[in-house]
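Peer 1: For the protein sequence lines, the chains are Y and Z, in the order given.
Note that the numbering used here gives residue 137 to position 137 of the first sequence, counting from 1, and the numbers run on in steps of one.
Note that the numbering used here gives residue 272 to position 272 of the second sequence, counting from 1, and the numbers run on in steps of one.
Cβ coordinates follow ideal geometry from the N, Cα and C atoms, glycine included.
Have a look at the structure that comes next, please.
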Amino acid sequence: MTLLAIEGVTKRFGTALALDALSLEIGAGEFFALLGGSGSGKSTLLRLIAGFERPDAGRIRLQGRDITRLPPPERAVAMMFQSYALFPHMNVRENIAYGLRRAGERDPRPRVAELVALLGLEGLEARRPQQLSGGQQQRVALARALARRPPLVLLDEPLAALDSGLRERTGLELRALQRRLGASFVMVTHDQAEALALADRVAVLDHGRIAQVAAPRDLYERPATRAVARFLGAANVIEAGRFALRSESAAPAYALRPERIRILPALPDVNATPARVTEIAFRGGDALVLADADGQNLRLVLPGGAALPEPGAEIFLGWDAAALAPLSA
Amino acid sequence: MIRSGAWLALLLLVAAPLLVVLGMGFGTSSPGVPPVIPPIGATGWQGSFEAWGLIFADTYYLDAALRSLRLAAITAGLCLVLGFGMALGITSAAPRWQAPLLALVLLPFWSGFVLRLAAWVGLLRDGGWLNATLIQAGLITEPLPLLYSEGAMLLGMVHGYLPFAILPITATLARRDPRLEEAAADLGAGRWTVFATITLPLAAPAAAAAFLLVFIPAAGEVVIPEVLGAPDSVLFGRAIWGEFFQTRDWPAAAALSTALLALLLAPIALYQRLSVAR
Numbered sequence: 001m002t003l004l005a006i007e008g009v010t011k012r013f014g015t016a017l018a019l020d021a022l023s024l025e026i027g028a029g030e031f032f033a034l035l036g037g038s039g040s041g042k043s044t045l046l047r048l049i050a051g052f053e054r055p056d057a058g059r060i061r062l063q064g065r066d067i068t069r070l071p072p073p074e075r076a077v078a079m080m081f082q083s084y085a086l087f088p089h090m091n092v093r094e095n096i097a098y099g100l101r102r103a104g105e106r107d108p109r110p111r112v113a114e115l116v117a118l119l120g121l122e123g124l125e126a127r128r129p130q131q132l133s134g135g136q137q138q139r140v141a142l143a144r145a146l147a148r149r150p151p152l153v154l155l156d157e158p159l160a161a162l163d164s165g166l167r168e169r170t171g172l173e174l175r176a177l178q179r180r181l182g183a184s185f186v187m188v189t190h191d192q193a194e195a196l197a198l199a200d201r202v203a204v205l206d207h208g209r210i211a212q213v214a215a216p217r218d219l220y221e222r223p224a225t226r227a228v229a230r231f232l233g234a235a236n237v238i239e240a241g242r243f244a245l246r247s248e249s250a251a252p253a254y255a256l257r258p259e260r261i262r263i264l265p266a267l268p269d270v271n272a273t274p275a276r277v278t279e280i281a282f283r284g285g286d287a288l289v290l291a292d293a294d295g296q297n298l299r300l301v302l303p304g305g306a307a308l309p310e311p312g313a314e315i316f317l318g319w320d321a322a323a324l325a326p327l328s329a
Numbered sequence: 001m002i003r004s005g006a007w008l009a010l011l012l013l014v015a016a017p018l019l020v021v022l023g024m025g026f027g028t029s030s031p032g033v034p035p036v037i038p039p040i041g042a043t044g045w046q047g048s049f050e051a052w053g054l055i056f057a058d059t060y061y062l063d064a065a066l067r068s069l070r071l072a073a074i075t076a077g078l079c080l081v082l083g084f085g086m087a088l089g090i091t092s093a094a095p096r097w098q099a100p101l102l103a104l105v106l107l108p109f110w111s112g113f114v115l116r117l118a119a120w121v122g123l124l125r126d127g128g129w130l131n132a133t134l135i136q137a138g139l140i141t142e143p144l145p146l147l148y149s150e151g152a153m154l155l156g157m158v159h160g161y162l163p164f165a166i167l168p169i170t171a172t173l174a175r176r177d178p179r180l181e182e183a184a185a186d187l188g189a190g191r192w193t194v195f196a197t198i199t200l201p202l203a204a205p206a207a208a209a210a211f212l213l214v215f216i217p218a219a220g221e222v223v224i225p226e227v228l229g230a231p232d233s234v235l236f237g238r239a240i241w242g243e244f245f246q247t248r249d250w251p252a253a254a255a256l257s258t259a260l261l262a263l264l265l266a267p268i269a270l271y272q273r274l275s276v277a278r
């Protein structure tokens, strides 16, 4: 069931086109990630959904209702800001209760207590935001956004302000929470690992357009375009006609996952190339090898137990035709 | 070196004059130059408490003090409300307009203080621009008594002190985080509620500072009430002026000055605390 529908939304800032006739549907109970670099339009899209910006063209519908022209207070959407935007003159309890009071709740205490328990904030209720750690602030911001049980929660880089050690655990907690509440979460991130790890579906944004929408695994295995393949990182993009390519379908270029490349004892006729090892990084579970094949850098990942070549060694690389994912552009 | 220089300057320019004024309040007035005998002379203590007795003897000075505090409070209140509105307007304007708008606020204050007062007189007097225009338009036949009134005095006071209110509030509002107001709107707060629950409380220390920054000098103001105000309502500053230059009772004038400073000590201390907290 569609919860949020973005229909041909265009947004310009002066002459710059931030969103270009973008359309997207997000389902109820879905954890959706908007992935893109800076200037891709992902944050603008989030601000349009929240109502802080108005589109120049197109419509936004929430639960079937057109909300394009509704001001932020009238939308059943809650946003968690990257900087958390906690009210510095209110304590944790008052911050969480803010939305409940605006909704006319006479006694917000039971719901606040529920959220405090849900996010493990017991004992911090009377503290001001500046007296909390980054992780605690993040949880207060989340509690405040969830207080009115919005069907749609927007998260702007929810993990970016956290220490790297805390990021992975908090991400998993975030997803567990989303599953438990059944609300839809839309997360903006520039970190592809974060998007792939947490989201049910990921939209890759590029220059105000959607380059691809897919489940993380499909996105990783079958990137649609060169831009997506490059942005997801790690994948090798090989132009048609190089390395005696023989694929299952014709395309201008192909993505080749690093773990699908093997080191061969002899050079086959197709789907193979001689190369020189330039760099090796042992990573515990596996090893990353960078090789130079006729001027193109190829990345390959070898399993941890495999014998590793020496830097500078001349080797033969090969792959299966099925490993080549066709790119449309 | 700079530190000791600063202390020396404070000693010579602030502490020493204050001590002189404080001491003069316990002196005795006598015809001569200066018209006062210091409280401590060659034979030791020779002062008196006469001046202090005089200023507490009748309600003339107390009334003047209350009138001054009332004027200062009304001026500061009006400056606060107007200044807050103008600061909000300036800080919500497009960034390229903010500096020009602020310059417009300050522009009149690069012209002379007396010149501006003269301009008000020219506008408000019986044959002035306002009355002439109204008579020409046929709205009135006799000139309205605009000048030398409580209203004219307030107008001059607010006009004179408004920048002291606008500047600290603008500085604080310009630094505010727009995300906080967006977050409040996102959580269901309308424009007015956002202002009342987020913008205003966060700017409250600056607003209080702005109020005091106007209140403190306004309480001792002499010139504006003298030029624009009604002649019969004596203010504290006017009373000090009168004792110094008309009756030439320097001990009484010094005692009044000391009393004014004592009255303003609490607001000054409060202002200091607010500036440190910001």
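1) Name, please, each residue of chain Z whose Cβ falls closer than 7 Å to the Cβ of H89(Y).
2) Do P73(Y) and A189(Z) have their C-beta atoms closer together than 7 Å?
3) Going residue by residue through the segment 252-280 of chain Y, where are the continuous alpha helix (DSSP H) segments of at least 4 residues, counting only ones entirely within it?
4) What residues are listed by DSSP as bridge partners for S29(Z)?
5) Apart from the five residues just before and just after R61(Y), which ones in its own chain have a Cβ nearer than 6 Å to its Cβ?
6) Are the segment 47-59 of chain Z and the segment 128-138 of chain Z touching, with three or more C-beta to C-beta distances below 8 Å?
7) Should A262(Z) go down as buried or exposed, given a rule of 16 or more other Cβ atoms within 10 Å for buried?
8) Going by DSSP, what residues sit across from M79(Y) in a beta bridge?
9) What would DSSP say about A73(Z), mapped onto helix, strand or coil?
10) How far does the alpha helix (DSSP H) with V222(Z) in it reach, from first residue to last?
11) If we cut at 7 Å on Cβ distances, does L274(Z) have a partner in chain Y?
12) Quick one: using the 10 Å Cβ neighbour count with 16 as the cut-off for buried, is Q130(Y) buried or exposed?
13) Return the CA-CA distance between A28(Y) and L219(Y), expressed in angstroms with no decimal places.
14) Per DSSP, L327(Y) is paired with what?
15) Helix, strand or coil for V289(Y)? Go by DSSP, reduced to three states.
16) Does the CB of S83(Y) have a neighbour CB from chain Z at under 7 Å?
17) Could you spell out the range, first to last residue, of the alpha helix (DSSP H) harbouring T170(Y)?
18) Check Q63(Y) in the structure and name its three-state DSSP category.
19) Three or more C-beta pairs closer than 8 Å, one from the segment 74-82 of chain Y and one from the segment 154-171 of chain Y: is that the case here?
20) Give me the chain Z residues within the contact set of A143(Y), using Cβ-Cβ distance strictly less than 8 Å, ordered along the chain.
21) Note down, in chain order, each residue of its chain lying with its Cβ closer than 8 Å to the Cβ of R139(Y), except the 5 sequence neighbours on either side.
22) Is R75(Y) near G51(Y), with beta carbons less than 7 Å apart?
23) Would R179(Z) count as contacting chain Y if we go by Cβ distances under 7 Å?
24) Classify F87(Y) as buried or exposed, calling it buried when 16 or more other Cβ atoms lie within 10 Å of its own Cβ.
25) Please report the distance separating the alpha-carbon of Q98(Z) from that of A252(Z).
Peer 2: To lay it out plainly:
1) Against the first sequence, residue 89(Y) aligns to sequence position 89. Chain Z residues near H89(Y): P201 and L202.
2) Taking the first sequence and counting its residues from 1, one reaches residue 73(Y) at position 73. Taking the second sequence and counting its residues from 1, one reaches residue 189(Z) at position 189. In contact: P73(Y) and A189(Z) (Cβ atoms closer than 7 Å).
3) Listed in chain order, the alpha helix (DSSP H) runs fully inside the segment 252-280 of chain Y amount to none, counting runs of at least 4 residues.
4) Taking the second sequence and counting its residues from 1, the one referred to as residue 29(Z) is at position 29. Answer is V36(Z).
5) Stepping through the first sequence from its first residue, residue 61(Y) is reached at position 61. A5, listed in sequence order.
6) no
7) Numbered from its first residue, the second sequence carries residue 262(Z) at position 262. Counting Cβ neighbours within 10 Å, A262(Z) comes out exposed, since fewer than 16 surround it.
8) Numbered from 1 along the first sequence, position 79 holds the residue referred to as residue 79(Y). DSSP, once it has assigned bridges, lists L154(Y) as partnering M79(Y).
9) Residue 73(Z) sits at position 73 when you count from the first residue of the second sequence. A73(Z) falls in the helix class under three-state DSSP.
10) Position 222 of the second sequence, counted from the start, is the residue given in the question as residue 222(Z). V222(Z) -> no alpha helix (DSSP H), and no H or E assigned at all.
11) As a first step, residue 274(Z) is located in the second sequence; it is residue number 274 there, counting from the start. Not closer than 7 Å to any Cβ of chain Y, the Cβ of L274(Z) fails to qualify, so no.
12) Reading the first sequence from its first residue, position 130 is the one you call residue 130(Y). It counts as exposed.
13) Within the first sequence, the letter at position 28 stands for residue 28(Y). Within the first sequence, the letter at position 219 stands for residue 219(Y). If I take the Cα positions, the gap works out to 21 Å.
14) Position 327 of the first sequence, counting from 1, holds the residue named residue 327(Y). According to DSSP, L327(Y) bridges with A253(Y).
15) Locating residue 289(Y) in the first sequence gives position 289, counting from the first residue. Correct three-state label for V289(Y): strand.
16) Taking the first residue of the first sequence as position 1, residue 83(Y) is located at position 83. Output row for S83(Y): interface = yes.
17) As a working note, residue 170(Y) is residue 170 in the first sequence. Start and end: S164 to L181.
18) Here residue 63(Y) refers to the residue found at position 63 when the first sequence is read from its first residue. In this structure, Q63(Y) counts as coil in the three-state DSSP scheme.
19) yes
20) Indexing the first sequence from 1 puts residue 143(Y) at position 143. The contacting residues do not exist; A143(Y) stays about 12 Å from chain Z at best.
21) Locating residue 139(Y) in the first sequence gives position 139, where the first residue counts as 1. Here the set comprises L119, G120 and L121.
22) Counting from one through the first sequence, the residue named residue 75(Y) turns up at place 75. Counting from one through the first sequence, the residue named residue 51(Y) turns up at place 51. A contact, by the Cβ cut-off of 7 Å.
23) Within the second sequence, the letter at position 179 stands for residue 179(Z). Among the residues facing chain Y, R179(Z) is included, as its CB has a counterpart in that chain under 7 Å away.
24) Translated into positions along the first sequence, residue 87(Y) becomes position 87. F87(Y) comes out buried.
25) Within the second sequence, residue 98(Z) is the residue found at index 98, counting from 1. Within the second sequence, residue 252(Z) is the residue found at index 252, counting from 1. Roughly 48 Å between the two C-alpha positions.
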